[in-house]
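Residue numbers (the working numbering): 5 to 201.
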């Protein structure tokens, strides 16, 4: 199954386009992923915009604001000469008001791509529910999996609807998955499961 993994997002904007990429994360810990994506798009890491639900925290941690600030970010995104990467933080199991705020933010930003940062230690059923609650109606385009060292079963994330494109900040190729999973095998595992002595 690993050899057939999609390693690219569902939607890939035209490379020459000035596009908007939204990264959904449970907290500001998703900033590292957003910065990785930004640098890959030729945007400086410190230019990533951060929105807490519908309250912008801005590049470099500017002060929070209101819906007008979201509109300003959306306007900036439409008129900028290069891609815009926006981290939108929304906690697991958000209340209905927070979900509506995130939906409004996504509508205002009209992103070309939506990524989600998923903690590998999170139960897959919980991660799936969170993605359905806060993602766009047609789902996220890609998952960036983090914290794989904290779980015995990081490959469970492959059961999510969107392709896992980054694993702990690195491209999620079939070779990367096999390497990561093989490193977890101990001699005892090999003896017990494969009969290797």
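Heads up, the beta-carbon is just placed ideally off N, CA and C, and yes, glycines get one too.
- A Cβ-Cβ contact shorter than 9 Å links residue 119 with residue 144.
- In the displayed model, residue 175 falls within a strand according to three-state DSSP.
- The alpha carbon of residue 32 has as its nearest neighbour, out of 93, 164, 104, the alpha carbon of 93.
- A direct Cα-to-Cα measurement between residue 136 and residue 142 gives close to 9 Å.
- A Cβ-Cβ separation of about 5 Å places residue 149 in contact with residue 161 under the 8 Å criterion.
- The DSSP-derived three-state label of residue 45 is coil.
- In the structure shown, the three-state DSSP call for residue 91 is strand.
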